[in-house]
Each structure stands twice: as structure tokens, then as C-alpha cells.
Amino acid sequence: MSDIWGDPGRPTLLPKLNDTYQDFSQREINVFKEDVDFNGGNHVKMPVILQGVQDDIRVLREQIANNKGGTISISDLESALVKTEEGLQAKTEQVISQYNNQVRTLPNQEANRFDNNVVAIETTWDMRSQKSADPRKISARFLGREKMRQPQASRSNALLPKRQSVQMPGPTPGQQAKHMLTLRAVLDPHSNMNRQALNDNFGIQLPLINTKQHSRPSYSKPIIGTTIEPLAVLPKANRVDAQLAPPPISEEDARKGIMSLIERGLIPPAAQLTLDPSPVRNRIAPLHEPQIKHKPPQPEAVSLLSGVKLDPATMKNDVSKMPAVPPHPKSASSSITETRTPSAKTRVTSSSMPQVKTPATLKTYEMPIQPLDAYYGPPPTTPASGDFKQLSHRFAIQNGRTRDSSSEFIAFKQHYCLTWGSIVTMIKHIEKMLISYTIPVAFVNGDRLADLAMEFELEKPPSIDDMLSVIINREDVEALIGRPGRRFKGPRGKDVAATRIQSSWRMFRDRSEYLDYRKRKWASGVIAISWIMHVKMSKVKIKLKESREEHLENFRRRARKLAMSWDRIKQHRRTVIHIPSLGLSQDIRDSINEFGIRQNTQMARLCDIRDPNVDVIFVSPVPLSEETLQYYSKLLGLKSAVESGVVEDQCDMGEKYKIIVPEAIKSFPAHRMCLSSILKYSPRTLKRIQHLIKGCDAYIVTGVPHKDDLAIADYLDVPILSPEPEVAHLYSTKSGCKRIFASANVEVPPSEFDVYSIGQLHECLAQLVTENLTVKRWLFKLDDGYDGRGIGYCDIAEHLECYQWALKESRRYGEKWSKKWAQEAAYIKIHAEIPDVLAKHARPVHSELYEDWSKFLDAFLSQGGVIEATPPSDSITTLTVDLLIEPTGRANVICMGDQIHAETPFSCWGVSMPQSSVEPDVLNASCKKVAEACKSRGIIGYLSVDFVTFIDPKSNDQKLWALDLSLHYSDSLAMFQLMSYVSNGKLDLSTHTFNVPPPKQEQKKRRRRLAGQEDEQPPNTSRYAVMSTRLLHTNLAVVHYSVFFQMCRAHGIGYDIKEKQGTVFTLLDSFNRENLGMLTLGDNLQGALATFARNMSIIHQEISAPNMQGETNFKLAIKDIESILGTTVENAEDSDVA
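Just so you know, we're using our numbering here: the sequence shown kicks off at 5 and counts up by one.
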């Protein structure tokens, strides 16, 4: 040990090396002591070396433990460590070399079997735990198996002699067989011994893959039936429903083959199968040339290919150095190679094939061959077929001529010999194009050219773009072609240029003539169509005119018949057809919001059934909900209760009235047609009305008359209680009513009518201002204005600079001021200032209809208008009187009332009835005069007259001016019918009071009246009503009618049938519910006005929130009612004082 580990007495320091060898047990050392080196004869025992290392380490540890507090030399420690390391490294290398070169022989099988003294124990090394297995366990198991293998002694205890083992030189036959089996297991990766053999002989530990082994029971008897497992088939659900997704195909099923999968249904029979890679490979059969048919084979061709390589990149660089391709060894009669390209469609041969091989003659699945010494890089990848196709056939066309002697062109020609005719034609086209554009050189892709030739073989010649698609250097050729004038530099450039100039000129001349022809043809077509349309329109107009004349004639005939039988009709049962149509002009209808609801404000016409001889057919301009129909059914059913004064005494009046909605309402939702026009285009509604009035007297009561009323009356064959539409329209204008008032000799405000020009406007206004200097505001009314919509105003007196001077002049002249000569100087000055005053200070009343004065002035001058003075007073009252001129000519005043205004002072919002502003005799006289004037012009039916009354500041007398005339059924008249229906009262025309029957009282015993006791006052039968059909509040849309009536009932808003006082509503809109009509009855005017205002205030508070006020006219109406209340209180106080 001293020659290996050094001086044993020398102290060394190896602190923890002993721990490395703790795994070696004493049994392992005893086993390894028997190992010897058979190669060199030098017995180097590895366990002895390791034992020496262990002893040396133990000695060093004891010395260090005993040397407590002593010093240790560092140099000695380093030298000891170096020497120990060198000795270990040298011996380790020697031991490893010996074990690698050691040859072991297997013991004789017979000796191992019967000799108890020979036992081979192998030590295994666990690669996972890095520890050796316990040899004691291994030896115990091994010895047990060996004892079982030894033969047992017989009964006579005779022992056979032991066979002596003879060691033969070299491996025994058993060892050779074992090595052969081990080698086969190593070479066969599928062998079960492969993993164990690699581990035992080479130390390679392969991963353990657990495979599920299906253990099959062993049968001692022969098996009857199938011995294989059933194969998977298509599930029943997939066989029933083919739309289900097919089940996945396992790898085991896939190995059975495609036919098996199809037969079992795993693959549908109609499936299109694509095998990748394809089992069938197409190859071009070689065609041998005649001159080399008998050439002997060359067996040495294989060796010629050993020095070449596949390199597609070098083909372009050096094609001349490419060696010839030798023939295949098996082709003894042919040496030509086959040509295979993806685009090739035929097999070609050529007898003139040169012996020099080119890339076009090589196999396309083989790469061009180059010497190995020209390339040292990695082997190239196989190029795509498309890329190689571009390199297979290419040739050049230089100066318009194809280089047909080049090898590339010859190879291309040989390859496409069967379709060469069409290819030659295409080459000629390309050459012609290149010559015409003087292209110096162009390189053509032969394969593309062949495809193009087949495409255009039977079609028209190819275009330039098609021919450019086969040129490889397309960019350069296309750049030359795109240059201006390039096509004229060819051989016949001048002729081509001259031809081009001539053709361009002929094209320009012919196209100019063609465009002129088209223009004349278009003009003639327009003229012809216009003439045809004119003729047709003329015929249609003639027919319409004849039809309307016929309708008018029938109208007049039925009107005369109605006049003769009117007295009889009034006494007998009759049917009144109410059509609340507003036959206004289209411009006015378009400017009215919610036009259908505006026509439906006269639902109270249903109250005509108060007369027991009258049945009503009401044509509604809007659809009505079931809730609305039920309300009117209950309202009209109060007739018996109102007459008797008993609430429970109600009846069903459904047989007395019918509400009909035309079916054409939904057909014209945005046309804003009047109700008469909609009814005209509703044949089913007309047939229903015709059926309802069959066999009884009937007549139509319309709204604003329209021409379509005549067509409806002619269809139903009933008269109309109204004037002719043209007459009604004429005298309903502002200028027309002035004529009526002038002929009636009633007092009217200072005015001028039929003004149609700006000069006439200035002159008339200057003359009126000069004659009436006390009038401060002047009004300008459009002739076709409706409901105060077409009105403008200007305060002339405030803005005239000469106004004070004119007042002085009028005072100076006194009574002579009415003479023209006295007014001449003032007229000239006022006329000069009028244009500037109007332009600066005139304003339209409705700014949403007319933005400024200029727009209003244009409308005023286009349709004509009236200049009218406002009353010279701060307190004025407007009245409305409704009259009926019967067909016999008798005129009756039906109702009258004072107007209530909300939005503007020129539009009637509501009415208080009866009127209390004018003496009844004065008002009746004026109404009678107007009725007589209307009668003289053939006007019959319902009409309303507007008056204004005020106190004249000069004479302090009350004045009554007639303002307007409307020849139609008014809203106030409809509400008066409702007032009469729910109160059973009558209007006294002599006193203008509305009286109701006194309530029925129980008879009481007469008692003697004591002295000083006043008589019992009779009940008050006088009633006043405040009514309006213009209540608007957008928040009403969020409240249903049932909830609305519950709210009114909670606040005491209702009608007392017994006292004939309270509030009644008219429902106008069933869906938006934003519009409402209301009627309030009271025993005095102040109480009715106060109740009306209180009702609106309560409704507004209930349906409005601080953050949701909505659009409403309640506030303006309440304000006007409060002013009226103040006036009535003052009048009452003055009457008490008087």
C-alpha cells in the first residue's frame, strides 16, 4: 500500500472521503477478492485497493481527532492530497482498462447443475436508486433454484459420481448460442429481450412501457365457434340518422383496410377517398429511338453516377459541363431517357434528337447531375414541380424571330410534338406582337405557351395580356409596350400610324353623328311620350271634369229634392251621416299636426240621437279602441237617466248610432288626405253605409266641403246639407266673407280685401291708416287662412314718424277729415314710410309656419289677403254664433258663445255658452242679416259667424264688428249638442239663456206661511257651460283612460245627473291620448269658469312631475279664463251698483 498511497506513517487529511465508500459491504469485498486479470497475469485486486483507501482515511481521521489544539502543516496536506489524487487516478484508469478488456466464460451447464461448489452470483446495479442490489438476497434465490434443479437421491440412496468440468479454450457452444440470441435481441427493437439485453451488456436503461396484455384463458378442450373478437361496425344511431357525425376510426380498424371500413359502414359508400400518397404512380413510358434500338446495355452505368450530385441551383450556372445521362442498366435496347413534366399531356419522340443531353431531356423526378467536387454544402431539398416546370422549357424570341435552332426550342418542340400546330400558331401571334412593338428580345415559357395554345385553339385570338402571361421577362416587355408611339416604330410604322389616324378620325366623325342621332332620338322620344301623356291626361281631365259636373248636377238635383221634402223629413225618422272632414287645401293640411285627430274633435255629433227620430252614422277619421267605444256607449246611455233624474235609469243606445272607420286609413298614413277622400277610396265602408241607410231618408252632414263629398253622395245617392264645395270655399275666404258682410250691411272693421300685389298693399294700408289714425295695430290675413294660422300684424302708429303730425292735421280739419283732399298730404307722407315700417316691424303670428315677414309676405301676395284693423280698445271679446240655414231657406240660430283663447288671441281655443257680452237683440239682428246674405247666394247648411265687441273710446258705445264666416259644422256646435244631451236643456234665443227642466220634487203638504217668512225660492234652472276640444297635454299619454277617470273621481271631477251640473269629457285619441275635450256645466258663468280652470289645474298636477312638465296649453287657457273671471266680476259689481 505504501507504493500506492505513500508513507503509511505520514499524516494526511481527507475529511469525508470515507463516506463515499460506505455502500461497499464486506460480502462484496470477499466476492471481488476472487477476481483476477486473465490478460496480463498481474493480479491487481480492486477490493484490496479500496480497502487500503478506507484504512488510510480512518487513520487520518483518528490522527486529526487526537491532535487537538496542534498545528497542521498546510503544505503537507496539499502534497498528501495531490499524491493521493494521482494514485487514485492512475489505478482507476488501470482497473477500468482491465475490466473493459476482460473476457468471461460461461461455466459448464452440467457442472453448474450438479456441482454445489460452483455458484455464479452476479451483482446488479439499480440505475434509478444508484445502489447495488443485495447479493445475499440474490444468492439465496439463486441457490434455491439450483438446488431444485439438482437430481434427487433415489430410495437406495445411491449417489452418482460427480461430473468433472473441463474448461475448453474459447467460448463454448452454449456461450456462442447465448451471444447470438443476445445479438438478435439487440438488433430487434420489437423483441421482448431487447431492453434487458441492452441493459445487461451496454448499460443502456430503456424506458419501461407498460402494454396491456390481454390474458386469454387456456382451454384444454377444442374451442367451438369464432376465435376472434368482433370488429367495430357503424352504430345504429348513425345508420338511422345519416346527419349525425360518424364515429372516429381507431388505428386498429384502420389497419384492416379501406374495403373493410366500407363494408362495416365506418366509411360512407358515397365518400370520395383520396389516398396520400397514392398507391398508383404514373410514369411516362420511354420511347426508344430507332438508331439506338440495338445498342448493347452498359452495366458500368451505375458506377458513373457515383460521382455526381443533385443540385438544382447549378443548372442555370453551368449547363454545358453537365455529363450525359447513361441509360438504365435494365434497358438493353434503349438509351434514351424519359421526359416527365407535370404539364405534359403527350409522349413525344424525335428521330433528330442530338446526342448532347440538355436539362429538358432529363427525368423530371431526377435533379440535374453535377460533379461532387463542385458542391460541398448540405444536400438540396427536392424542388416543387411548379418551380421546375418553369425551368423545363424556355426559349427566346429575338427581334421578332424565334431561335428555333437552339437546343431548348428543339427539346420544347419534341416534347409537344402532338400539339405543335396550335403552338406554332400562338408563336406566330407572339412574334407579330413583338415585331409590331419592336421588342428586341423576349424569353417565352414553353409550358405556359402550350397551355395558352390549347385554351385559344378554337377561340378568338389571344389578347396582349394573354400573350404577355407566357413571357418570362414580362416587366421589361410590358414597359416597352407601354411607351407612347412604340407600336409605330416597327417595319410598317408609318402605315400603321396613318391607319390609326384615319380610324380615329372616322371614329370621331361617326360617334359625333351617332351622339347627335341619339340626342334627336331621345328628344323625339320625350316629345312623343310627353304628347302621349298630354293626350291621356287631357282625356282623364275631360273625364274627371265630366264626372264632377255630373256629380255636381246630381248634387243640385238632390238638394232641390231635399228642399222640397225637408219639412216631411224633419217629422219622420231619418239617418244623419256625419263625416267630419276638413276639406282644406293641401298646404294647410300639411301644416296641421295630428291632422286625423284634428278632424276627430267633433265626436259630440253623436249626440244628435237626442232626437228620437234621428239615427247617426259617424265616420271616424282615426281608429278607436274598445275602451273609447265603451265610454261613448255609457255616455250616450245616460239619456233616460238625464230625462228622469235617476242615475240607475240608463238605457242602451247602441241601435241609434254606428261608428265606422274607413279601411283606407292605413293605406294612406302619410298623405294627410281629408276624411272624404279616404272614404271615397274605401269601397267596403261605402257599401256598409249604403246597407245601413237602405229604405230610409238620409242626408250627409260634412265638415269643410270638398269635391270628394259629391262623389260619396253620388255613390250613396243621398243629399248633402251644405253648399257647393266651390261656393263654400269662395265665401269662406277672408275676402269672400267681406263680400257677404258688405251685402248684409253689418258693421265690419276698417279693412281692404282682395290684395294681391305689394304696391296695392302699400297703397291700401296707407289709405286705411290715414282714415283711421286711432287704430294702433293692423292685421294682414291670408285668404286661405284657417283657425288664425295665416295672420300677420304690425303696430303702424308706434313706428310712423309722421304719426303725431297726422293726428294734428286730423284735429285741425275736424269733421272734414273724411274728405280725400284733406287727407292727401298725410297720405303721401304715410305712404312713403309704410314700406320701411313693414319691413322692420311687421311680424307673423305663427313663427313656426312663417319664419319672418318676408316668407309671410310671399304667401300673402301669392294667394291674396285682407288688411284689417284691430279694435281700438284694450278690452275686447270675440263671439261665435252657429246658425243653420235649412234647405227651405229658413235660418235658425242654434247657439252662441264667448271665445276663450290660449295660444294666440286670434285662435279660438274654447267657448263659454251662452254668450253674455252683447245684447241678444243686437246679435240676433246681425246674425239674421248675415243669414239672409248667405241665403241669397245659395248657401245652406251649418255655418258660424265670428264677431268682436268692444267699447268705442270716442263715443263710449258698444261696437259689434263681424270678423269671419265659416261655412261648415264647428266644434262649438258639436259641444253644444253634448251640452244639450247631458242636461236636457234648451237655449232661449230671445234672452240667450240656457235652461234645464227643474228637478222633480216630492209633493209636500201645504203649510200656512207665517208672518214675515219669505217665500221658498224656486230652483235655478239656468245653466252656463265652458267647453273646449283643444285640451293638449303630452303627459296624458302615460295615463290610460281608466286610470284617468279614477283620478278624476278621486278629486271630485264628475257629472251630477240630478243637478245637471259637473264635467263631461270627450275622448278624441285612443292611442296617443294627448288630446282631450271637456265640458263643464254650472248654474252661473263664474262657477262654470272656475270649475273648468280647477279641473285643468288638478289634471296638470296629477299627471306632471317637476322634471316632466310636458307640452301643454293648460296654463295659457287658465290664464285667459282668469282674465275673463275678472271681467265678469267687474261687470257684476257694476250691475249691482247700477
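Even for Gly, the Cβ is constructed at its ideal location relative to N, Cα and C.
Being a predicted model, the structure only gives us computed values, none of them experimental.
Considering only residues of the same chain and omitting the five flanking positions on each side of residue i, which have a CB-CB separation below 8 angstroms?
i: serine 473; result: Arg452 and Leu456
i: alanine 501; result: Phe492
i: lysine 958; result: Thr778
i: valine 841; result: Cys798, Ile800, His803 and Leu804
Just the C-alpha distance for residue i and residue j, rounded to the nearest angstrom, thanks.
i: glutamate 837; j: histidine 845; result: 12 angstroms
i: asparagine 988; j: alanine 608; result: 15 angstroms
i: asparagine 196; j: glutamate 90; result: 45 angstroms
i: glycine 529; j: arginine 522; result: 10 angstroms
i: arginine 614; j: threonine 953; result: 34 angstroms
i: methionine 1100; j: isoleucine 601; result: 20 angstroms
i: glutamate 923; j: leucine 861; result: 39 angstroms
i: methionine 1051; j: tyrosine 635; result: 16 angstroms
i: arginine 572; j: lysine 742; result: 35 angstroms
i: serine 726; j: aspartate 925; result: 27 angstroms
i: glycine 1130; j: aspartate 878; result: 14 angstroms
i: glutamate 775; j: threonine 737; result: 25 angstroms
i: glutamine 418; j: serine 282; result: 29 angstroms
i: isoleucine 546; j: arginine 560; result: 21 angstroms
Closer than 7 angstroms by C-beta to residue i: which residues in its own chain qualify, once you throw out the five before and the five after it? Chain order, please.
i: asparagine 403; result: Pro444
i: serine 1108; result: Asn1039 and Gly1114
i: arginine 1098; result: none
i: glutamate 647; result: Asn988
i: isoleucine 1061; result: Leu642, Ala645, Val646, Gly649 and Val651
Considering Cα atoms alone, identify which of the options is closest to residue i.
i: lysine 464; options: Val623, Met430 and Ala446; result: Met430
i: lysine 785; options: Asp968, Pro193, Val1000 and Gln903; result: Asp968
i: aspartate 204; options: Val190, Ala289 and Arg268; result: Val190
i: histidine 850; options: Arg793, Ser585, Thr605 and Lys182; result: Arg793
i: lysine 662; options: Thr689, Val773, Lys574 and Ala645; result: Thr689
i: proline 616; options: Gly587, Asp653 and Glu659; result: Glu659
i: lysine 932; options: Cys912, Gly893 and Phe910; result: Gly893
i: histidine 183; options: Glu751, Ala201 and Asn1079; result: Ala201
i: threonine 1070; options: Val870, Asn604, Pro839 and Val626; result: Asn604
i: isoleucine 1103; options: Met458, Ser410, Leu1036 and Tyr1059; result: Leu1036
i: threonine 1; options: Ile944, Tyr1059, His1044 and Ser920; result: What the structure shows of the chain is the stretch from 5 to 1142, and residue 1 is not part of that stretch, so it cannot be assessed.
i: glutamate 459; options: Thr423, Gln575 and Ser858; result: Thr423
i: isoleucine 475; options: Pro273, Ala863 and Met437; result: Met437
i: asparagine 928; options: Leu883, Asp721 and Thr908; result: Leu883
Any idea which residues DSSP pairs residue i with across the strands?
i: methionine 1082; result: Ser1032 and Phe1069
i: leucine 783; result: Tyr797 and Glu872
i: tryptophan 509; result: Tryptophan 509 pairs with nothing; no bridge assigned.
i: tyrosine 661; result: Val620
i: lysine 1119; result: Answer is none; lysine 1119 lacks a bridge partner.
i: leucine 853; result: Answer by DSSP bridge pairing: none, since leucine 853 is not bridged.
i: lysine 963; result: Phe954
i: cysteine 899; result: Asp886
i: isoleucine 475; result: Val448
i: leucine 969; result: Val949
For the ligand MG, is there a heavy atom less than 6 angstroms away from the beta-carbon of residue i?
i: lysine 670; result: What this structure holds is no ligand at all, so the ligand MG is not there to describe.
Hey, residue i and residue j are a contact pair by Cβ (cut 8 angstroms); roughly how many whole angstroms apart?
i: lysine 939; j: alanine 895; result: 7 angstroms
i: alanine 1094; j: alanine 1029; result: With 8 angstroms as the limit, alanine 1094 and alanine 1029 do not qualify as a contact, their Cβ atoms being about 13 angstroms apart.
i: isoleucine 427; j: alanine 454; result: 6 angstroms
i: serine 976; j: threonine 997; result: 17 angstroms between Cβ atoms; not a contact.
i: alanine 1041; j: isoleucine 904; result: So it is not a contact: roughly 24 angstroms between Cβ atoms.
i: tyrosine 831; j: glutamine 771; result: 6 angstroms
i: isoleucine 1125; j: phenylalanine 1096; result: 6 angstroms
i: leucine 1072; j: glycine 1081; result: 6 angstroms
For residue i, which residues in the same chain have their Cβ closer than 6 angstroms to its Cβ, ignoring the five residues on either side in sequence?
i: histidine 972; result: Gly707 and Val708
i: valine 750; result: Ser930, Lys933 and Ala966
i: tyrosine 685; result: Ala668
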